[in-house]
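Residue numbers (the working numbering): 100 to 267.
Okay, structure coming up:
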């Protein structure tokens, strides 16, 4: 499990570096928040099969509050993502691949340029249930960091204002 966690965190950092570059910043822009002191939340989640009449079993629609959520799915469907038009689509499991959801902190840090991913898990009616391995990297705590730092985009419409989050 520790090897998986280390590799998943490495992949998460690479995704953040790619996002930094895509936003017109130095690719290491997010490194200051996700160094060796960054926290990592890992859990193994099992969703049991549901009874036919229990259509709401699973995890309801939500957005993750962090920067990113990296999910590794098993071969069972269940994860769904909401499109901008409101339609739910299946995130079909792909072997040896991760699903990345953008979290609310990254949406705020980019002034809404990147949108937090609304998603849910619907348990199957019968058979094997989905098993997810989410990894949620958290920024390293720094009292000397300006919590209002944000990515500036030239020519972009202003988005939501950054929220000052007390650092512990």
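The C-beta atom is built at its ideal place from N, Cα and C for all residues, glycine as well.
- For residue 101, the closest of 139, 207 and 115 by C-alpha to C-alpha distance is 139.
- Residue 208 and residue 166 have their C-alpha atoms spaced approximately 9 angstroms apart.
- Rounded to the nearest angstrom, the Cβ distance from residue 201 to residue 215 is 5 angstroms, consistent with a contact under 8 angstroms.
- Of the candidates 122, 212, 171 and 204, the residue whose Cα lies closest to the Cα of residue 106 is 171.
- Per DSSP, the continuous alpha helix (DSSP H) segment holding residue 110 begins and ends at 101-121.
- Linking residue 219 to residue 160 through their CA atoms gives a straight-line distance of about 5 angstroms.
- Residue nearest to residue 198 within the set 187, 162 and 168 is 168 (criterion: CA-CA distance).
- A distance of 8 angstroms or more separates the beta carbons of residue 221 and residue 183.
- Within the model, the alpha-carbon separation for residue 164 versus residue 212 is close to 16 angstroms.
- Assignment of residue 196 by DSSP, reduced to helix, strand and coil, places it in the coil class.
- With fewer than 16 neighbouring CB atoms inside 10 Å of its own CB, residue 123 falls in the exposed class.
- Spatial neighbours of residue 217 in its own chain (CB-CB distance under 8 angstroms, excluding positions within 5 residues in sequence) are listed in chain order as 160, 161, 162, 180 and 181.
- 8 angstroms or more divides the Cβ of residue 113 from the Cβ of residue 119.
- In this structure, residue 194 keeps its C-beta atom at 8 angstroms or more from the C-beta atom of residue 176.
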